[in-house]
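A.B. asks:
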Amino acid sequence: MGKLQEVDEQTDFSAEELKILQWWQTEKIFAKSLQLSKDRVRYTFYDGPPFATGLPHYGHILAGTIKDVVTRWAHQNGYYVERRFGWDTHGLPVEYEIDKILGVKGPHDVLKLGIDKYNAECRSIVMRYAGEWENTVERMGRWIDFRNDYKTLYPWFMESVWWVFSQLFKKGLVYRGVKVMPFSTACSTPLSNFEAGQNYKDVVDRAVVVGFTLDDDSSIQLAAWTTTPWTLPSNLCIAVHPDLIYITVQDKKTGKKYILMEERIAELYKDAEDYEILDRFIGKVLEGKTYQPLFPYFAEMKNKNGAFRVLVATYITTDQGTGVVHQAPYFGEIDFQTCLDNGVITRDMKPICPVDECGRFKNEITDFCGQYVKDADKNICKYLKQHGNLIKLSEVKHNYPFCWRSDTPLLYMAVPSWFIRVEELVPKLLANNDKTYWVPSFVKEKRFGNWLKEARDWAVSRNRFWGTPINLWVSDDLEEIVSPSSIDELEKLSGQKVTDLHRENVDHITIPSSTGRGMLHRVSEVFDCWFESGSMPYAQNHYPFERKYDFENNFPADFIAEGIDQTRGWFYTLMVLSTALFDRPPFKNLICNGLVLAADGSKMSKRKKNYPDPLEIVDKYGADALRVYLINSPVVRGENLRFREEGVRDVLKDVLLPWYNTYRFFVQNVKIYETTNSKDFTLLDVKSINVMDKWILSFTNSLLNFVRNEMSAYRLYAVVSPLTKYFDSLTNCYIRLNRKRMKGDDGPEDCAHSLSTLGKVLLLIVRLMAPFTPFFCERLWRNLRHISSSSSESVHFEMIPQPLNDLIETSVEKRVARMRAVIDLARVLRERKGIPVKYPLKEMIVINREEEFLNDILSLQNYIVAEVNVRMLTVSHDKERYGVHLKAEPNFRLLGVRLKGDQKKVVSYLKNQVTENELEQFAEHGTLNILGYELTSEEVSLSYACHGIQTAGEQMEAHSDGQTIVIVDVTEDDTLKDEGFTREVINRVQKLRKSAKLVPNDKAIAYCTISPPTHRLAALIKDCSGFIESATGTPVHLSSVPDNAVPVAVSCSSVRNAEIELHLVHCRTTSSAITVHYSSRKHRIQLVAKNEILTHTRLLYEIRSIFSLWSKSKLLLSIEPPPTTTYISPECNVLDLADKDIYVITS
1 MGKLQEVDEQ
11 TDFSAEELKI
21 LQWWQTEKIF
31 AKSLQLSKDR
41 VRYTFYDGPP
51 FATGLPHYGH
61 ILAGTIKDVV
71 TRWAHQNGYY
81 VERRFGWDTH
91 GLPVEYEIDK
101 ILGVKGPHDV
111 LKLGIDKYNA
121 ECRSIVMRYA
131 GEWENTVERM
141 GRWIDFRNDY
151 KTLYPWFMES
161 VWWVFSQLFK
171 KGLVYRGVKV
181 MPFSTACSTP
191 LSNFEAGQNY
201 KDVVDRAVVV
211 GFTLDDDSSI
221 QLAAWTTTPW
231 TLPSNLCIAV
241 HPDLIYITVQ
251 DKKTGKKYIL
261 MEERIAELYK
271 DAEDYEILDR
281 FIGKVLEGKT
291 YQPLFPYFAE
301 MKNKNGAFRV
311 LVATYITTDQ
321 GTGVVHQAPY
331 FGEIDFQTCL
341 DNGVITRDMK
351 PICPVDECGR
361 FKNEITDFCG
371 QYVKDADKNI
381 CKYLKQHGNL
391 IKLSEVKHNY
401 PFCWRSDTPL
411 LYMAVPSWFI
421 RVEELVPKLL
431 ANNDKTYWVP
441 SFVKEKRFGN
451 WLKEARDWAV
461 SRNRFWGTPI
471 NLWVSDDLEE
481 IVSPSSIDEL
491 EKLSGQKVTD
501 LHRENVDHIT
511 IPSSTGRGML
521 HRVSEVFDCW
531 FESGSMPYAQ
541 NHYPFERKYD
551 FENNFPADFI
561 AEGIDQTRGW
571 FYTLMVLSTA
581 LFDRPPFKNL
591 ICNGLVLAAD
601 GSKMSKRKKN
611 YPDPLEIVDK
621 YGADALRVYL
631 INSPVVRGEN
641 LRFREEGVRD
651 VLKDVLLPWY
661 NTYRFFVQNV
671 KIYETTNSKD
681 FTLLDVKSIN
691 VMDKWILSFT
701 NSLLNFVRNE
711 MSAYRLYAVV
721 SPLTKYFDSL
731 TNCYIRLNRK
741 RMKGDDGPED
751 CAHSLSTLGK
761 VLLLIVRLMA
771 PFTPFFCERL
781 WRNLRHISSS
791 SSESVHFEMI
801 PQPLNDLIET
811 SVEKRVARMR
821 AVIDLARVLR
831 ERKGIPVKYP
841 LKEMIVINRE
851 EEFLNDILSL
861 QNYIVAEVNV
871 RMLTVSHDKE
881 RYGVHLKAEP
891 NFRLLGVRLK
901 GDQKKVVSYL
911 KNQVTENELE
921 QFAEHGTLNI
931 LGYELTSEEV
941 SLSYACHGIQ
951 TAGEQMEAHS
961 DGQTIVIVDV
971 TEDDTLKDEG
981 FTREVINRVQ
991 KLRKSAKLVP
1001 NDKAIAYCTI
1011 SPPTHRLAAL
1021 IKDCSGFIES
1031 ATGTPVHLSS
1041 VPDNAVPVAV
1051 SCSSVRNAEI
1061 ELHLVHCRTT
1071 SSAITVHYSS
1081 RKHRIQLVAK
1091 NEILTHTRLL
1101 YEIRSIFSLW
1111 SKSKLLLSIE
1121 PPPTTTYISP
1131 ECNVLDLADK
1141 DIYVITS
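When you line the sequence shown up against the UniProt record's numbering, it's residues 1 to 1147, in that order.
Structure below.
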């Protein structure tokens, strides 16, 4: 009977998730959901591509969970949501791994090996961890298409990247220039500023003060401070601040003269006695002065370009160094701009950059040729000392960027690059950013907005091999440049067949010049991989070559999500390219999550092992628990999360387990209803008149309204907490106060109404929570759907329910909220006095100044009396009778703004002089005139305070939440004590049944012994046996366990100076009968009669009586018919024979 399957008492969430996952895969549920929704309105989602050369971590899992929740929500709100996984397969991470494997030290090693062979090696590892990624993503419950993925190495993807770049080239947004960029000498490639910012470290470097000798007075040196001595051979200028004070000082020990900023004198001298100030002047006085080059390598620049002179610059600060800054323009971005602005260098001149791609000095630096620049610092300092230019040598600890892949120091150096003109796009970028919606908004307005305002031209070329080649073919003089936008165009221009776009397939292709410049050759660089990921909206669709209509009608994306670090990465490149191409933002809505850190707030580190493995957490607690933990944390609103395993455990304990127990309780009581009433349970369409049924239906639909509103604004952080707290209300309020109704105590009709109400809210919540906890909701739906009107095999085929506004009764919700507040106050009082709820109290008094509040409490007094376990509930306005008075609470902030200096006087009056009558008038009218000021309820709030109970002395206890006073009479008498004792027994019997895993239909008998036997508890068990049996469904016998009975559960405990020992014996079936055979006759004998279990001796007596075997001297019982015999021992548990056939053998 019945459509619902039984539910186990215990459950393993993780193991059950694996079963659901297997079912999803076997039945292709995700694919079915896409098929079912294919004709709906499109909801466009872009998935940022990760590298598959490393394993997924909590950051990936967090972002993936956010994406999954939002896209599931969109799907279950009537949209078609294509979800394609993407892979970033090119770039430095892959090459770095191969360089380690092959021992590649620089580009020459790759050329020697052959680009084709090198790239084949790269291709072989790009998907190294793809299987682990797919397993992890699927195990987390994320639905995304791995079969219809996109990879940046696919030729069709690369072709769309070419199209994007070609469009920018045709718009005049591409140029070749030199840019000072962070450069990884270990990987022989420049990095973007974003990449350079990923791995800063505190390091100790040499800090030197170097003397630059003035041409017009060789006795004076400009004292410049630097932490990069290796840049000094490339020095071209000195910069000082035009408006700050500089001084000429003479060293009293050496007699040497130095110029430096007055505020920075401490950099050279600790003691004022060591120097004498000879002159004082503003920095501008030094402008134009020339000095002798430290090294001869570029001395010709002095006459040729006006190098080796003093420039003025306002960026110079007073917090470090000497205020005299050496300029090596091709090794510093600011130096480059300063020298460019002053005509020392030009954009088209040959760079003064004598360092190769491995960080070694080139041939023109004759004294240090071939030395790695950082290693050369020591020798450079030695050279300077020998030539009289080293003023001071020390060390400094500072923050320095390291390569995020090789973990080696980065150098800032000039690199010839192809650039996209981003600076001229800044106004459009800001305008398009304004059209987007971000959660949290401050990231859009501050972090991202500021980055856009300061955007610089983007160097998109990389001197690497494994990547999408830049589609530029140039003449030798760079005067003719062609940018094919497709494979077809390249084939037509070159006359050669093209099948793949990687370097080994296109580097050899030439294009005849159209201007008589011979053959055009492809430039050697490949694209920055950020250019590829920024092109993914177009490239994943092979736009404009395929799916042109689909793309153009669904751009920009409805939603994207990644970590906050992508504000300078993927979010930025998406915005730049979409603005440059279409002057449109690339997305409409964005959720930006914070970072997941180790429990101590440090960065998660495999080496330190300071965090638990994600899959171990999932195996232990389940993916749903981890999902809820992550999206119910500050990390979803852009803040950082310190990951704690206990937090995941708490989700299981506080959310999923109560939810599961509610579901199990519902199914269990439906089964009892069906057995008791001999009919299948169905949900009733008729509205219940029960106030608690009305409340939970209203409360649930109000929650649904709230969640829908917040999810429409992508505020996951506001949604999850109310959803998880909902189960506390469902279990600790609705079910707790309606348990007897659902068990049928108030009749079958009321039982059906209460079960229907619970069934309806469970069905609603299962569908509402499906995007958040997809495994658990699927598991529940597969059973609960049998009582719904839906035919959907998966909950993820269902729509998120629309709220039934006709069921929302705010007045009922208010009444129940007030009831719960009063109950909570009473619980605090019980805890304070150490009185368990099992022991009834005489009286509970609720005092509140609002008539409506008291009426609401009285309307629910039956629930309050039962829950608090109190004999009588009294409500009152008469606070004086109970020693209660009104108290004024001033709002200091509001009063301070309005009253200024008079605030203290007004507050003092409110605290010390205001009368009860004045406060009552204030409560009634909402205004209060104090010292000539009319105060409002916003400026002063009222609460109740209690100073001793006048009428009942120490027998009364009071507690207040500021608005309501609850007083309870804690006086104890024998009647109340006896009822408490009885409830102690009931509680222990119920716990025994639970520990024995008995369901309500299971029959059992409890045998009880009390020590000392004269204790009041023993008499109560006899006198109240009927009440105890009614409450527990279990008769309690005040005796020891019969010899032939085997307890299924035992408990020993203390109750008010008595020891109580309980033994629970399970009556295996309702009849607990055996069929006894003798000769050709048989008879059915009940093993339990009048709540007494037959003993072995008593059973033999019954058999002799039934079959008239009094003359037989000996009876033996066998569980097998003769001639085979298996005799039953007199010591056996007779109940173990239930439902068996027993054979009598006589002698």
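Where is the CB? At the ideal position from N, CA and C, for every residue including glycine.
For Thr676, tell me which candidate among Asn1001, Tyr549, Asp68 has the shortest Cα-Cα distance.
C.D. replies: For Thr676, the nearest C-alpha among the options comes from Asn1001.
A.B. asks: Could you check which residue in Glu16, Asp8, Lys3 has the C-alpha nearest to that of residue 1185?
C.D. replies: This structure leaves residue 1185 out entirely; the chain is present only between 1 and 1147.
A.B. asks: Is Gly106 near Cys403, with beta carbons less than 7 angstroms apart?
C.D. replies: Cβ distance not < 7 angstroms, so Gly106 and Cys403 don't count as in contact.
A.B. asks: Can you pull the DSSP bridge partners for Lys397?
C.D. replies: According to DSSP, Lys397 bridges with Val204.
A.B. asks: Could you round the C-beta distance between Asp624 and Phe157 to whole angstroms and report it? I think they count as a contact, below 8 angstroms.
C.D. replies: Going by Cβ atoms, the distance from Asp624 to Phe157 rounds to 34 angstroms, so no, they are not a contact pair.
A.B. asks: Span of the alpha helix (DSSP H) holding Glu984?
C.D. replies: Taken as a continuous stretch (DSSP letters only), the alpha helix (DSSP H) holding Glu984 covers 974-995.
A.B. asks: What number of angstroms, rounded off, separates the C-alpha of Thr499 from the C-alpha of Asp650?
C.D. replies: Taking the straight line joining both Cα atoms gives about 55 angstroms.
A.B. asks: Please check the pair Asp88 and Pro50, which I expect to be a contact at CB under 8 angstroms, by giving their CB distance rounded to whole angstroms.
C.D. replies: Right, the Cβ-Cβ distance comes to about 6 angstroms (below 8 angstroms), so this counts as a contact.
A.B. asks: Exposed or buried, Thr346, counting other C-beta atoms within 10 Å across all chains shown (16 or more means buried)?
C.D. replies: Exposed is the call here.
A.B. asks: Going straight from the alpha carbon of Gln802 to that of Arg767, what length do you get?
C.D. replies: Computed Cα separation, rounded: 11 angstroms.
A.B. asks: Roughly how far, in whole angstroms, is the beta-carbon of Pro1042 from the beta-carbon of Leu1064, given that I think they are within contact range, below 8 angstroms?
C.D. replies: Not really, about 13 angstroms apart at Cβ, beyond 8 angstroms.
A.B. asks: DSSP puts Cys403 in a beta bridge; with which residues?
C.D. replies: None; Cys403 has no bridge partner.
A.B. asks: Identify whether residue 1157 lies in helix, strand or coil by the three-state DSSP scheme.
C.D. replies: A query on residue 1157 cannot be resolved here, the shown segment of the chain reaching from 1 to 1147 and no further.
A.B. asks: Between Pro427, Ile220, Thr1034, Thr136, which lies nearest to Lys453 when the distance is taken from Cα to Cα?
C.D. replies: When each option's Cα is compared against that of Lys453, the closest is Pro427.
A.B. asks: Take the Cβ of Gln25 as the centre, count every other Cβ of all protein chains shown within 10 Å, and call the residue buried at 16 or more, exposed below.
C.D. replies: That one is exposed.
A.B. asks: Please identify the residue among Tyr372, Thr44, Ile823 whose C-alpha is closest to the C-alpha of Gln861.
C.D. replies: That would be Ile823, whose Cα lies nearest to the Cα of Gln861.
A.B. asks: Over what stretch of residues does the alpha helix (DSSP H) that includes Arg1084 continue unbroken?
C.D. replies: Arg1084 -> not in any alpha helix (DSSP H); beta strand (DSSP E) instead, spanning 1081-1086.
A.B. asks: What are the boundary residues of the beta strand (DSSP E) that includes Met181?
C.D. replies: First-last of the beta strand (DSSP E) with Met181: 174-184.
A.B. asks: Quick check on DSSP: helix, strand or coil for Val588?
C.D. replies: Here the sequence assigns Lys to residue 588, which means Val is not the residue at that position. In this structure, Lys588 counts as strand in the three-state DSSP scheme.
A.B. asks: Within 10 angstroms of its Cβ, does Val204 collect 16 or more other Cβ (buried), or is it exposed?
C.D. replies: Looking at its Cβ environment, which holds fewer than 16 other Cβ atoms inside 10 Å, Val204 is exposed.
A.B. asks: Taking a contact to mean a Cβ-Cβ separation below 7 angstroms, would you say Ile631 touches Val720 in this structure?
C.D. replies: Contact: yes.
A.B. asks: What do you get for Gly563, buried or exposed, if any count of 16 or more other CB atoms within 10 angstroms of its CB means buried?
C.D. replies: Buried.
A.B. asks: Which partner residues does Glu957 have in the DSSP bridge list?
C.D. replies: The partner list for Glu957 (beta bridge, DSSP) reads Val968.
A.B. asks: Where do the N-terminal and C-terminal ends of the beta strand (DSSP E) with Ala239 fall, by residue?
C.D. replies: Ala239 -> beta strand (DSSP E) spans 237-240.
A.B. asks: Only counting the same chain, and skipping five residues up and downstream in sequence, which positions put a Cβ closer than 7 angstroms to that of Phe281?
C.D. replies: Once the five neighbours on either side are set aside, the close Cβ partners of Phe281 are Tyr246.
A.B. asks: From the DSSP output, which residues share a beta bridge with Cys1008?
C.D. replies: Cys1008 pairs with Leu1062.
A.B. asks: Quick one: give me the first and last residue of the beta strand (DSSP E) that Ser475 is part of.
C.D. replies: Neither: Ser475 is in no beta strand (DSSP E) and is coded neither H nor E.
A.B. asks: With a 10 Å radius around its C-beta and 16 neighbouring C-beta atoms as the bar for buried, classify Ser1105 as buried or exposed.
C.D. replies: Result: exposed.
A.B. asks: Going by beta-carbon coordinates alone, are Val240 and Tyr275 separated by less than 7 angstroms?
C.D. replies: No, the pair does not count as a contact, with Cβ atoms beyond the cut-off.
A.B. asks: Tell me the DSSP bridge mates of Tyr1143?
C.D. replies: Bridge partners of Tyr1143: His1077, Ser1118.
A.B. asks: Whose C-alpha, out of Pro544, Leu493, Lys497, Ala266, is nearest the C-alpha of Pro512?
C.D. replies: It is Leu493.
A.B. asks: How long is the line joining the alpha carbons of Glu793 and Arg782, rounded to whole angstroms?
C.D. replies: So the two alpha carbons sit approximately 7 angstroms from each other.
A.B. asks: According to DSSP, is His786 helix, strand or coil?
C.D. replies: Helix at His786.
A.B. asks: I need the DSSP call for Asn379, collapsed to helix, strand or coil.
C.D. replies: Asn379: helix per DSSP, three-state reduction.
A.B. asks: In whole angstroms, what is the alpha-carbon distance linking Tyr437 and Ile560?
C.D. replies: Taking the straight line joining both Cα atoms gives about 11 angstroms.
A.B. asks: Within 10 angstroms of its Cβ, does Ser1054 collect 16 or more other Cβ (buried), or is it exposed?
C.D. replies: Looking at its Cβ environment, which holds fewer than 16 other Cβ atoms inside 10 Å, Ser1054 is exposed.
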